[in-house]
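To keep things clear, I will list the structure first and then write my remarks on it.
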Amino acid sequence: MRVGINRSPIMVLLLLFLTCGLYYFYWVYVISKEVEGFTGESDIPPIVDLLLFIFTGTLWGFVWDWRMGQKIARMQARVGLPQNDESVLYLVLDLLGAGPVAGLGIVVPLLQQSRLNQIYDSARTGVSYPRYP
Numbered sequence: 000m001r002v003g004i005n006r007s008p009i010m011v012l013l014l015l016f017l018t019c020g021l022y023y024f025y026w027v028y029v030i031s032k033e034v035e036g037f038t039g040e041s042d043i044p045p046i047v048d049l050l051l052f053i054f055t056g057t058l059w060g061f062v063w064d065w066r067m068g069q070k071i072a073r074m075q076a077r078v079g080l081p082q083n084d085e086s087v088l089y090l091v092l093d094l095l096g097a098g099p100v101a102g103l104g105i106v107v108p109l110l111q112q113s114r115l116n117q118i119y120d121s122a123r124t125g126v127s128y129p130r131y132p
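For the sequence shown, counting from 1, position 121 maps to 120 in numbering that gives the first Met the number 0; every step adds exactly one.
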């Protein structure tokens, strides 16, 4: 289990704006690689995720966010945090961001990075929160 790097969600947001969205492709690749290293799950290689993002755009983004929500929930359980599958939330935010509420999809990477930071902190320190039924 390789623990990833904590990144400030605010810095992720700033880099997304400063690079006109190009940082998002880098972020997707790095996060895919970190999650693969943490979980040991290698269903789709990170480079394939990146290429699918580039060539299908928003369509693969929906799938990636859904899958990442499920992986984050499994990672939470693995380190003893309360398991919280936010796949549906990510998908709804993506759909609203692509349609009636332009820009709402930008919230998804911020939420994902925040959850990953909690997981990485818990994995490093061994401190977790009690599980609730």
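A virtual CB, placed ideally from N, CA and C, is assigned to each residue, including glycine.
Going by C-alpha to C-alpha distance, which of 115, 98, 100 sits closest to residue 85?
Here residue 85 is taken as the residue at index 86 of the sequence shown, counted from 1. Out of 115, 98, 100, 115 has the C-alpha closest to the C-alpha of residue 85.
Taking the straight line between their C-alpha atoms, what separation do you get for residue 11 and residue 113?
Here the question's residue 11 lines up with position 12 in the sequence shown. Here the question's residue 113 lines up with position 114 in the sequence shown. Computed Cα separation, rounded: 10 Å.
Does the stretch 82 to 100 touch the stretch 45 to 64, meaning 3 or more C-beta pairs lie closer than 8 Å?
Yes, the stretch 45 to 64 is in contact with the stretch 82 to 100.
Which same chain residues, not among the five before or five after residue 132, have their C-beta less than 7 Å away from its C-beta?
Locating residue 132 in the sequence shown gives position 133, where the first residue counts as 1. Residue confidence for residue 132 is low, a pLDDT of 46 falling below 50, so the modelled location carries little weight; the figure read from the coordinates is stated next. Taken in chain order, the list of residues that qualify is empty.
Taking 7 Å as the limit between beta carbons, can you name the residues of its chain near residue 123, skipping five residues before and five after?
On the sequence shown, position 124 is the one that residue 123 refers to. Within the same chain, residue 123 has close Cβ partners 2.
Under the three-state DSSP convention, the category residue 33 falls into
The residue given as residue 33 occupies position 34 in the sequence shown. Residue 33: helix per DSSP, three-state reduction.
Under 8 Å between the Cβ atoms of residue 24 and residue 54?
Translated into the one-based positions of the sequence shown, residue 24 becomes position 25. Translated into the one-based positions of the sequence shown, residue 54 becomes position 55. The criterion of a C-beta distance shorter than 8 Å is not satisfied by residue 24 and residue 54.
Segment limits, alpha helix (DSSP H) that includes residue 12
Translated into the one-based positions of the sequence shown, residue 12 becomes position 13. Element bounds for residue 12: 8 to 17.
At what residues does the alpha helix (DSSP H) containing residue 111 begin and finish?
Here residue 111 refers to the residue found at position 112 when the sequence shown is read from its first residue. Going by DSSP, residue 111 is part of the alpha helix (DSSP H) stretching over 106 to 124.
With DSSP collapsed to three states, give me the class of residue 93.
Numbered from its first residue, the sequence shown carries residue 93 at position 94. Note: residue 93 maps to helix in three-state DSSP.
Going by C-alpha distance, which of 99, 103, 80 is nearest residue 89?
As a working mapping, residue 89 is identified with position 90 in the sequence shown. Here the closest residue by C-alpha is 103.
Taking the runs of the alpha helix (DSSP H) that are 4 residues or longer, which of them lie wholly in the stretch 27 to 89?
45 to 55, 57 to 78
What whole-angstrom Cβ distance do residue 45 and residue 28 have, given they're in contact under 8 Å?
Within the sequence shown, numbered from 1, the residue matching residue 45 stands at position 46. Within the sequence shown, numbered from 1, the residue matching residue 28 stands at position 29. Their Cβ separation, rounded to whole angstroms, is 5 Å, which keeps residue 45 and residue 28 in contact under 8 Å.
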